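Chemist:
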Amino acid sequence: MKHLRKVFAAALAVAAVTSIPGSTAGAAPRSRVTEFTVPSPGSRPYQIVAGPDGNLWFTESGAGTVGKITPDGHIAEYKIRKDSAPYGITVGPDGNIWFTEKDPAPDGTTRVGKLTTDGHLTEYFVSAFSQPWDIVAGPDGALWFTEEDANLIGRITTDGGLTEYATGTCCFPTQITVGFDGNLWFTEEQGPAVVRMTTDGITRVFPYPDPTALLYAARQGPDGNVWVSDIISTRLGKISPGGLHKVRVPGSSTGVAGLASGPDGNVWFTENDSAHIGATTPDGTTVHYIALAADRRPIGITAGPDGNIWFCEADAGMIGRLSLS
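Residues -2 to 322 (my numbering) make up the sequence shown, in order.
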């Protein structure tokens, strides 16, 4: 593993870039998508994760609520605070649901929340006006999250102990994941850059070769590589020990946003502006491309415990399920 890390750093340092053209094959029919309306009006569901209880959990940024949906579509909601704007969500090493609250209270305080699967809520304060964004369970038994407006990465233990680290670059850390090397990896929207951070807070910055990119998602793919999305292009980035590779996806509009590893071994993505769900093989061949209704604005996406793909439709206030069977 130490050798792998060394090779990886050297390869990225020279910014090796390979474009993988991709092709469309086997477009999935729209009939494989089922949509479920979230009860709260103006819910704006954003991020979704498979929970430890066999259900899907999602944030409702517009309603100050965290929702739970069963694989057959029954929804329960847990009110946080009206102005909390829950956004990122993950399962913690303690088996609880952890989420960020990106909007500050009137006094400027911002929080990270912990919700048990039976609905007990605990909240922890983080830096004022920091806008906590995405969150992931780290390799060290803690939770790690981006603080977009403060340009910090937060680490919080399961009992609420907080440490914050500078990102090492600028600006707006957005999504965060754990890489194949056991480090944290996150995107910086402006710069733009992909940053690797150790659990000691030591960073290495890898500038993205396209200075016009607006990086968003960062997720580990089914191939073990770190994948990132650029929300103003129709390309994904794949970061491997051999360098950075760009993967073209079919959309003609911008808005490639959410990323997830599918149970089928593909990388699934949402196109927020063009209202599509798609999947590409790790080598860059598009194998699914599904059009949704134009007003859906899909964003967060994940593999469900039922073997299907689940996603949030922010503008429509719906949760979508794409059957893979």
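We put the CB at the ideal spot given by N, CA and C, even for glycine.
Note that the coordinates shown come from a computational prediction; the quantities given were computed from them, not determined experimentally.
1. Throw me the rounded Cβ distance for the LEU53 and GLY259 pair, which I believe falls under 8 Å.
2. Can you list, in chain order, the stretches of the beta strand (DSSP E) that have 3 or more residues and sit fully within the region 155 to 190?
3. With DSSP run on the structure shown, which of helix, strand or coil describes ARG293?
4. Cα-Cα, which of SER127, PRO189, ALA134 and ILE132 is closest to ASP146?
5. Thinking C-alpha only, which one of THR97, GLY151, PRO129 and ILE86 is nearest TYR393?
6. So, for GLU310: in the same chain, excluding its five sequence neighbours on each side, which residues have a beta-carbon less than 6 Å away from its beta-carbon?
7. Counting Cβ pairs, one atom from each stretch, are 3 or more of them under 8 Å apart for the region 206 to 216 and the region 249 to 264?
8. Just to confirm, is the Cβ distance from VAL175 to VAL133 under 8 Å?
9. Using the rule of at least 16 other Cβ atoms within 10 Å of the residue's Cβ for burial, across every protein chain shown, is ASP104 buried or exposed?
10. Would you mind reading off the limits of the beta strand (DSSP E) that contains HIS117?
11. Who are the near neighbours of SER320 in its chain, counting only those whose CB is closer than 7 Å to its CB and skipping five residues on each side?
12. What span of residues does the beta strand (DSSP E) with VAL30 cover, start to end?
13. Would DSSP call GLN319 helix, strand or coil?
14. Tell me where the beta strand (DSSP E) around ASP227 begins and ends.
15. Could you name the residues that DSSP lists as bridge partners for GLN44?
Modeler: In short:
1. Going by Cβ atoms, the distance from LEU53 to GLY259 rounds to 15 Å, so no, they are not a contact pair.
2. The DSSP assignment places complete beta strand (DSSP E) segments of no fewer than 3 residues inside the region 155 to 190 at 159 to 163, 170 to 175 and 181 to 185, in order along the chain.
3. In the structure shown, ARG293 sits in coil (DSSP, three-state: anything other than H, G, I, E or B).
4. The shortest C-alpha to C-alpha distance from ASP146 to any of SER127, PRO189, ALA134 and ILE132 is the one to SER127.
5. Only positions -2 to 322 of the chain appear in this structure, which leaves residue 393 out of reach.
6. Around GLU310: ARG293, PRO295 and GLY317.
7. Result yes; three or more Cβ-Cβ pairs closer than 8 Å.
8. Cβ distance < 8 Å, so VAL175 and VAL133 count as in contact.
9. When all chains shown are included, ASP104 counts as exposed.
10. No beta strand (DSSP E) holds HIS117; DSSP gives it neither H nor E.
11. Only ARG29 and ASN305 meet the Cβ criterion.
12. In this chain, the beta strand (DSSP E) harbouring VAL30 covers 30 to 34.
13. Checking the sequence shown, residue 319 turns out to be Leu, not Gln. In the structure shown, LEU319 sits in a strand (DSSP, three-state: E or B).
14. ASP227: member of the beta strand (DSSP E) spanning 223 to 227, first to last residue.
15. Per DSSP, none; premise fails for GLN44.
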